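Protein chains in written order, with my numbering: chain A, 1 to 131; chain B, 1001 to 1131; chain C, 2001 to 2131; chain D, 3001 to 3131.
A virtual CB, placed ideally from N, CA and C, is assigned to each residue, including glycine.
Small disclaimer: the values here were computed from a predicted structure and weren't measured.
In what follows, a single structure is set out as structure tokens and then discussed.
Number of protein chains: 4
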Amino acid sequence: MLSLSQAQAAIAAGQTRAAVLGVSVNIAVLDAAAHLKAFGRMDEAVLGSIDVALGKARTAALFGITSEAVWDYCKPGAPAPGLERSNGGLMTFPGGVPLRDPEGRLLGAVGVSGGSPVQDADIAQAAAAAV
Amino acid sequence: MLSLSQAQAAIAAGQTRAAVLGVSVNIAVLDAAAHLKAFGRMDEAVLGSIDVALGKARTAALFGITSEAVWDYCKPGAPAPGLERSNGGLMTFPGGVPLRDPEGRLLGAVGVSGGSPVQDADIAQAAAAAV
Amino acid sequence: MLSLSQAQAAIAAGQTRAAVLGVSVNIAVLDAAAHLKAFGRMDEAVLGSIDVALGKARTAALFGITSEAVWDYCKPGAPAPGLERSNGGLMTFPGGVPLRDPEGRLLGAVGVSGGSPVQDADIAQAAAAAV
Amino acid sequence: MLSLSQAQAAIAAGQTRAAVLGVSVNIAVLDAAAHLKAFGRMDEAVLGSIDVALGKARTAALFGITSEAVWDYCKPGAPAPGLERSNGGLMTFPGGVPLRDPEGRLLGAVGVSGGSPVQDADIAQAAAAAV
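Next up, the structure:
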């Protein structure tokens, strides 16, 4: 089960990485059942990305894969067109990463938004590595 | 009219088929008016597929055709672009199958999610055959 | 963690009790994070009570107490007026019961609707006792 | 303008106070426009109180008064019956406190849920005092 200290460590590591990249982001951490555990919005992060960060984390938690891996199932020509409309709308671009314990069990997910998708994914990986 | 025992038989048959395929799925059965009749989530089924199973069943019940047949109406180049956004959002990939009585009257629909779309459709057909 | 067989046993026990009482009900079983695990609607159960059964189970799962115990917090004169509007709307009358393992850990909740509140609570208790 | 470091200080102070009281709570901090700034759920906090903490903070931020002061406007016999249904539903019991700078300008609000309303308000005041 994801602890608050793990969630806070993930957010701190993500914010450190974001500062290195020079971007201001929102970082959301959800538990394995997609309930909010911790959240932080860096100063200057754009407001519209609050919901995107939450959505990326929710997407990664609900399916246990990265947010962009969900897109591989539903992008044009893929076998699950429309999957992105499930669960109230998924966020299907980089920045959502599942969190797993050493045995591979799902602990939750982190979602990052505010930079470019490439930056967001970089920051999310840094956050996940701290758990 | 779809009975509870029919719905339960559909779910049991679907779960048996899923076990043969080695996947854990959610199976939803709705009546002909798209109201929930019965549901079962197999242990280990991914949480994100609960809503997908319900959505596939709802799509099949509302239009009386399989979920992927709805996609044929709204996919790129088809005559009804945007149909997938009706009814609060349809699930337009395999796994939703209408249930009909021996005279062909619509009884409801079953929706399966948790495996690949091909597996989900296979399981849904097994479930439908038990009604 | 609540298993499918436990959830099915709860629904079967509830349906048996409902038959003894001579009422047709909806029975919903959610896991400890309030995600749907299993559901059954008895033939003749009123459609409006599908959502009520789900809502009672969700209320009991989210707060770990019976649905009517939530009402004790928010009824007129109680210390938490408006709590019932949280979480998209709670169902605060009898019929929602938390499920716990022998050590007292929350496993999920069962929600019953279709009879009188007294009958619903009776059936929910019978369902919970089977877990 | 509320900074992330102020929001984090509020949450840390609230968590410290909650530990003294022996309760596990959710603490939400919103900015003056009611957008999420930071959030933390203590281990063991009840899931249903995530939304309540967010709702109390939103209520306090939107009106610039405590969540229970909003109730004074809409409780039975008060001049604004139904106000509690505005803004998607307000949380109108103790635990939401506005945050102000030394000149009295609104910076945002903190919302706490998980203990009794009296405990939640105590924790929220401790959190607000740290800003």
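Just how far apart, CA to CA, sit residue i and residue j?
i, j, result
"residue 3129/D", "residue 3010/D", "8 Å"
"residue 3099/D", "residue 1003/B", "57 Å"
"residue 2061/C", "residue 2031/C", "7 Å"
"residue 1091/B", "residue 1059/B", "6 Å"
"residue 2063/C", "residue 3022/D", "18 Å"
"residue 106/A", "residue 1104/B", "44 Å"
"residue 2115/C", "residue 2028/C", "14 Å"
"residue 55/A", "residue 3071/D", "32 Å"
"residue 1034/B", "residue 3007/D", "46 Å"
"residue 3073/D", "residue 2065/C", "30 Å"
"residue 57/A", "residue 3084/D", "31 Å"
"residue 1179/B", "residue 1047/B", "Outside the shown range of chain B, which is 1001 to 1131, sits residue 1179/B, and nothing can be said about it."
"residue 1069/B", "residue 93/A", "27 Å"
"residue 3016/D", "residue 3131/D", "14 Å"
"residue 3077/D", "residue 2041/C", "42 Å"
"residue 5/A", "residue 1126/B", "46 Å"
"residue 1/A", "residue 2001/C", "12 Å"
"residue 1053/B", "residue 3086/D", "34 Å"
"residue 3113/D", "residue 1020/B", "46 Å"
"residue 1079/B", "residue 79/A", "20 Å"
"residue 1049/B", "residue 49/A", "25 Å"
In chain D, what lies closer than 7 Å to residue i by C-beta?
i, result
"residue 2108/C", "Ordered by position in chain D, no residue passes the 7 Å Cβ test against residue 2108/C, which lies about 12 Å from the chain."
"residue 4/A", "3040, 3041, 3042, 3043"
"residue 2064/C", "3046"
Nearest CA to the CA of residue i: which residue from the options?
i, options, result
"residue 2036/C", "2124/C, 2120/C, 2079/C, 2111/C", "2111/C"
"residue 3013/D", "3032/D, 3001/D, 3039/D, 3031/D", "3039/D"
"residue 121/A", "18/A, 7/A, 78/A, 48/A", "18/A"
"residue 2026/C", "2084/C, 2095/C, 2005/C, 2072/C", "2095/C"
"residue 2051/C", "2006/C, 2001/C, 2088/C", "2088/C"
So residue i and residue j are in contact, right, with Cβ under 8 Å, and what is the actual spacing, rounded?
i, j, result
"residue 1024/B", "residue 1044/B", "4 Å"
"residue 2118/C", "residue 2109/C", "That belief does not hold up - the Cβ atoms of residue 2118/C and residue 2109/C are roughly 19 Å apart, past 8 Å."
"residue 102/A", "residue 1075/B", "The pair is not a contact, with the Cβ atoms about 43 Å apart (cut-off 8 Å)."
Chain B partners of residue i, CB-CB under 8 Å?
i, result
"residue 80/A", "1093, 1117"
Quick one: which residues of the region 2035-2056 of chain C get their C-beta closer than 7 Å to a C-beta of chain B? List them in chain order. So the list reads 2035, 2036, 2037, 2038, 2039, 2040, 2041, 2042, 2043, 2047, 2050, given in the order they occur along the chain.
Contact residues within the region 1084-1104 of chain B, judged by C-beta distance below 8 Å to chain A: So the list reads 1084, 1085, 1089, 1090, 1091, 1092, 1093, 1094, given in the order they occur along the chain.
Proximal residues, the region 18-35 of chain A versus chain B, C-beta separation under 9 Å: Flagged, chain order: 32, 33, 34.
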